[in-house]
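Per UniProt numbering, residue 1 is the first one in the sequence shown, and the count goes up by one each step. Cβ atoms here follow ideal geometry from the backbone N, Cα and C, with glycine treated the same way. None of these values were measured; they are calculated from a predicted model.
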Amino acid sequence: MIFDKTLDLIKSCLVLLFFGGTPASAIIYQAPVDRSEWRMDGSIFECNLYHPIPEFGEAVFRRRAGERVGFRLLSWQSPIQKGKAMLVASLPSWRHDRSAQVMGEIQVDPGKEAIFMTGPLPSWMLNQLKQGMAPAFERMAWYSDKETITVALSNVNFQKVYNDYLGCLSKLLPVNFDQIRRSFVLFDSGKTTLNEQAKEKLNNIAIYVKADPKVQSIFIDGHTDDIGRRLDNRELSKQRAESVEKYLVARGVKSGIMKVRFHGERYPIVKNASSKDRTRNRRATIRLEKKPLPSENVTVPPTTNILDEEKGTE
């Protein structure tokens, strides 16, 4: 949560430097001007910004396709005390046109990944860097309540790499694999036609599958509610699965990697106790599988329980 801090709160951060009237010593980890480095790597699947912090570790901004940017602060020695650190942004010492900003408290955990953040704060940090500010985390040292640790990100050499990062973002796919690996589309009662919401979801699946050659199989399973005769429902579920297959083929997905199955009313996701529940059962599920890495050469059974497949699709 972003806090609307006043000047008094900004000043309160300085209180962390004092205990009982005795100044506490402070250790600052920040790349000096001549060693400040930013680098970027990326693909259509994700874009990453890396910033080494000498003698401490590394700051990493990661933006996956279909998600907001996240932030990790990695430490090789974990000198920060577990608990709440203060996130602030200040100007370099030679600038006085703006005051420091305090965004609130951030959880610090022991181990290599000292800080992990999602939500709006990573974007705020990037914006501060772009404006020439230096985001920093302030917290007591794990070995002493009389010593503070400040870990600051340098904005030196940031802008050029940030421009490359923005170019990478413009090429990201609309979704990532985790977002579509188990998907579903719903149908009106007795119908097999795809609505606009279903088409949008299938469009994203098609875009991803065509971009990622590691996707080797797509399982499409058709289902119905319990209204009607069993044989009719089985045929209806077949037509629903086939309508999904045809749509994906029309969007450029190879038919050879798709496997169509149909189950009628046999596997409801919820009991058919109401019209709302029946709506959820009138569906086709889409499950994507990737080729395993060499280190993941695990034998996968040819078939799995259909109910197990659909966990997580809702």
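Counting every other CB atom within 10 Å of its CB across the protein chains shown gives residue 205 a total of 16 or more, marking it as buried.
Apart from the 5 residues on each side of it in sequence, residue 214 sits with its Cβ closer than 7 Å to the Cβ of 290, 291 in its chain, given in chain order. In the three-state scheme derived from DSSP, where H, G and I count as helix and E and B as strand, residue 255 is classed as helix. Excluding its 5 nearest sequence neighbours in each direction, residue 78 has C-beta neighbours in its own chain below 8 Å: 110, 111, 112, 114, 142, listed in chain order. Checking the DSSP bridge columns, you'll see residue 216 has no partner listed.
Taken atom to atom, the span from the alpha-carbon of residue 148 to that of residue 118 is near 25 Å. For residue 255, the closest of 64, 33, 243, 102 by C-alpha to C-alpha distance is 243.
Here residue 230 is exposed, its C-beta having fewer than 16 other C-beta atoms within 10 Å. In terms of CA proximity to residue 160, 132 leads the group 181, 132, 186. A direct Cα-to-Cα measurement between residue 208 and residue 245 gives close to 15 Å.
Taking a contact as a CB-CB distance under 8 Å, the pair residue 285 and residue 221 counts as one, their CB atoms being some 5 Å apart. Remark: three or more beta-carbon pairs, one from each stretch, lie closer than 8 Å, so the stretch 234-243 and the stretch 256-273 are flagged as touching. Only buried fits residue 87, as 16 or more other CB atoms lie within 10 angstroms of its CB.
Of all alpha-carbon atoms in 282, 144, 157, the one lying nearest the alpha-carbon of residue 38 is that of 157.
When DSSP states are grouped into helix, strand and coil, residue 238 belongs to the helix group. Per DSSP, the beta bridge partners of residue 148 are 26, 140.
DSSP links residue 47 through a beta bridge to 42, 63. Excluding sequence positions up to five before and after residue 219, its CB lies within less than 6 Å of the CB of 259, 287, all in the same chain and listed in chain order.
When only Cα atoms are considered, residue 216 and residue 144 end up about 54 Å apart.
CA-CA distance, residue 54 to residue 211, rounds to 37 Å. Counting along the chain, residue 70 sits inside the beta strand (DSSP E) bounded by residues 70-75.
DSSP, read as helix, strand or coil, puts residue 82 in coil.
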